[in-house]
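Quick note, the sequence shown lines up with residues 1378 to 1983 if you use the working numbering.
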Amino acid sequence: IIRYLLSAFTVFMVYMNMFAVWDERIRRCLFMGFIFILVFLMYPAKKGDSRENHIPWYDWILMIVGAGSFFYYVVNFRTIVDHATRISELEVALGILGILILVECCRRVVGLPIICVASCFVIYAFATSTPITYKVLRRIIYNLFYTTTGVIGTPVGVCSTFIVLFIVFGAFLEATGISDFFIQCANALAGWATGGPAKVAVISSALCGMVSGSSVGNTVTTGSITIPLMKKTGYPGEFAGAVEAASSTGGQIMPPIMGAAAFLMAEYCDVPYSAIVVRAILPAFLYFGGIFLMVHFRAKRLGLKGLPREELPKFKNLVKKIYLLIPLVALVYMIITGYTMAFSAIVATVLSIAVSMINKEHRMTPSRFVDALENGGKNTLSVAVACAMAGIIAGVVTMTGLGQIFITAIVGVAGDTLIIALFLTMLCCILLGMGVPTTANYVIMATTCAPILINGMGMNVIAANMFVFYFGIVADITPPVALAAYAGAAIAKSNPMKTAFNASRLAIAAFIVPYIFAFNNAMLFIDTNVFEVAQVCLTSCIGMFGIAAGIEGYMLKEMNPVQRILSALGGLMLIYPGTITDVCGVLVVVLVGVWQQLQKRKAAAV
1378 IIRYLLSAFT VFMVYMNMFA VWDERIRRCL FMGFIFILVF LMYPAKKGDS
1428 RENHIPWYDW ILMIVGAGSF FYYVVNFRTI VDHATRISEL EVALGILGIL
1478 ILVECCRRVV GLPIICVASC FVIYAFATST PITYKVLRRI IYNLFYTTTG
1528 VIGTPVGVCS TFIVLFIVFG AFLEATGISD FFIQCANALA GWATGGPAKV
1578 AVISSALCGM VSGSSVGNTV TTGSITIPLM KKTGYPGEFA GAVEAASSTG
1628 GQIMPPIMGA AAFLMAEYCD VPYSAIVVRA ILPAFLYFGG IFLMVHFRAK
1678 RLGLKGLPRE ELPKFKNLVK KIYLLIPLVA LVYMIITGYT MAFSAIVATV
1728 LSIAVSMINK EHRMTPSRFV DALENGGKNT LSVAVACAMA GIIAGVVTMT
1778 GLGQIFITAI VGVAGDTLII ALFLTMLCCI LLGMGVPTTA NYVIMATTCA
1828 PILINGMGMN VIAANMFVFY FGIVADITPP VALAAYAGAA IAKSNPMKTA
1878 FNASRLAIAA FIVPYIFAFN NAMLFIDTNV FEVAQVCLTS CIGMFGIAAG
1928 IEGYMLKEMN PVQRILSALG GLMLIYPGTI TDVCGVLVVV LVGVWQQLQK
1978 RKAAAV
């Protein structure tokens, strides 16, 4: 029953986005009502409760009351809108119950960290409204439950339109074997090279992660194949798990699809999604380039080889399946040429079904079709609940003017110094993002911290939002609550904390690149010319080479401490924008390279 309910929910989402012309608030309430029903059917109160076909009586009550609070809004929509803030006692009670049951859904599906964050914001809303009277309670519940600035705010709006359809598209890519084709391509490209399996992990995670939009989900999916291969090749478990976690986390910044939060960014920045995709290209390349280089240098230092060519997929066989890329090519084309996101996702999904008919191994059958619909619905639940909780936080910020207080406080500490404001914003993103899904974390940061950089420091709107987006993602691999790293550690059977520290080190680019585009918008192709873009591309790539070599302690041979420091410093100078720093950085990295070459020749002569 649940299988077909999930499938029906997915079909209903397609219908609602393509054909229905209801008011936006009705659409969002219907979406959340069905999400509540499915959460209580899918997730028991206690993890590990394995009793089949058993739903306790209290779950039925929570499901009916929780979903009913949203359906009541749908049925009585015109009356509630006409009442405005003068909602009845029944509507106040339903709003309170709806929010409390949402918290329980979040506990089951997402976890406690975001509940703690949201609770602090709600307590703040009441604390700034003393004395607490019924009138105050009614105003807060009205803002959080009955307006588009709370639970059914922008995050749920974007989730119920763009995100859900792209999650369904990802489910069909998996069902039709297109995701598996990505992994095979990565194996053919890099499996034979030095430390091949780790490079395969980087490439395949970038390709699959841009579709899944989930750090943990991508780590588990591709990691189940790549992590055992990395360990077999000779990489330590902590490093193998870290490579997959760092690469999978970066999948959310990989164009052309990126993660769920990127759709929200387009909404918050009030720009077409294609503008976000284009501006994410170079930062994403540097992120994965940094991981790829560190993986290469570690393999060289450990003397690791690639996989035998006879065990790898043959290019001639893969070329025959090149038609599997048609859905992605079509999707990119439609996004760039201005078609709506919903229409683009649905057309790409239909194309993925069409091309699967040519592929005998993964030909779409009725059973596989229902499987894909079911997985699409199932994968939507956690994102939807996280978006609704993030809506509560955004609602409090809007209602209390907390954003302006944040701006005043950080600008007061930072003064006119952008670097201090950026550093404080980075800390906020990482601390508030611990254990919080990227989508929800981005909403929190976009409503609290991004305005600080835009209004307080005069940063470009897209650059500021991209900055908080990056550090929201990094929270998935930053200790102590590094969810993606823990998922990688579970597969690698390694120490979770060591895996998390290794993942943070591998993802060093994610800690550096945002500062570059904050100071130099040329990296995001904003207010620039071809020469500036070429300069920032070249210097950033050489800079990442120097930093990766310095961190791993290997360039042409093992490096001594002085060479490591010089290489890392040279890399940092190249990454910081400016002609003088670029020239100095190139000289330092070249100097270290020449020094290494001389040492290598001397050792060979002996």
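Note that beta-carbon positions come from the ideal geometry of N, C-alpha and C, so glycine has one too.
Since the structure is predicted, the reported quantities are computational estimates derived from the model, not experimental observations.
| Asked | Found |
| --- | --- |
| Any C-beta of chain B under 8 Å from that of F1539 | The displayed structure is made up of one protein chain only, and chain B is not part of it. |
| Closest residue to G1443 among S1465, W1434, T1596 and I1478 (Cα-Cα distance) | I1478 |
| Cβ contact check for the stretch 1456 to 1464 and the stretch 1496 to 1506: 3 or more pairs under 8 Å | no |
| Contacting residues, own chain, Cβ-Cβ under 6 Å from I1379 (five flanking each side not counted) | L1418 |
| The stretch 1738 to 1758 contacting the stretch 1382 to 1395, beta-carbon criterion three pairs below 8 Å | yes |
| Which listed residue (M1766, V1655, R1675 and K1698) has its alpha carbon closest to that of T1714 | V1655 |
| Cβ neighbours of M1671 in the same chain (closer than 6 Å, five flanking residues each side left out) | L1883, A1925 and E1929 |
| A1570: first and last residue of the uninterrupted alpha helix (DSSP H) it sits in | Unbroken run through A1570: none, as it is neither H nor E. |
| Under 8 Å between C-beta atoms of H1673 and T1599 | no |
| Beta carbon of A1893 nearer than 8 Å to that of S1917 | Looking at the sequence provided, one finds Ile at residue 1893 rather than Ala. Yes; because the gap between Cβ atoms is below 8 Å, this pair is in contact. |
| E1429 - partner residues in DSSP beta bridges | Its beta-bridge partners do not exist; DSSP assigns none. |
| Exposure of H1739, with buried meaning 16 or more beta-carbon neighbours within 10 Å | buried |
| Distance between beta carbons of E1621 and G1865, contact taken as under 8 Å | 5 Å |
| Option nearest S1446 by Cα separation, candidates G1768, M1822, Y1420 and I1414 | I1414 |
| Touching by the beta-carbon criterion (3+ pairs, under 8 Å), the stretch 1569 to 1584 and the stretch 1771 to 1779 | no |
| Cross-strand partners of E1935 (DSSP beta bridge) | Y1931 |
| Straight-line Cα distance separating I1821 from S1592 | 18 Å |
| Spatial distance of C1482 from L1679 (CA atoms) | 47 Å |
| Any 3 or more C-beta pairs closer than 8 Å across the stretch 1608 to 1625 and the stretch 1679 to 1690 | yes |
| Same chain, Cβ closer than 7 Å to L1975, neighbours up to 5 away in sequence not counted | none |
| Option nearest V1541 by Cα separation, candidates N1898, F1408 and G1835 | F1408 |
| Exposure label - R1463; buried when at least 16 CB within 10 Å | exposed |
| M1718 in three-state terms, based on DSSP | helix |
| Counted within 10 angstroms of its Cβ, other Cβ atoms place V1487 as buried (16 or more) or exposed | buried |
| Alpha-carbon spacing of I1509 relative to P1605, whole angstroms | 57 Å |
| Given 8 Å, three or more beta-carbon pairs between the stretch 1427 to 1436 and the stretch 1400 to 1407 | no |
| Segment contact, 8 Å Cβ cut-off, at least three pairs: the stretch 1529 to 1540 with the stretch 1727 to 1738 | no |
| Beta-carbon proximity of I1854 to S1881, cut-off 8 Å | yes |
| Run of the alpha helix (DSSP H) containing F1448, from where it starts to where it stops | W1434 to V1452 |
| Alpha-carbon to alpha-carbon, R1675 and G1618 | 14 Å |
| Beta-carbon gap between Q1919 and L1951 smaller than 8 Å | According to the sequence provided, residue 1919 is Ile. The question's Gln does not apply to it. Going by C-beta atoms, I1919 is nearer than 8 Å to L1951. |
| Straight-line gap, A1867 to P1873 (C-alpha atoms, nearest Å) | 8 Å |
| Reduced DSSP category for A1461 - H, G, I as helix; E, B as strand; rest coil | coil |
| Residues near W1437 by beta carbon distance below 8 Å, same chain, minus five either side | F1417 |
| L1439 classed as buried or exposed, judged by whether at least 16 other C-beta atoms fall within 10 angstroms | buried |
| C-beta contact flag for A1767 and A1817 at 8 Å | yes |
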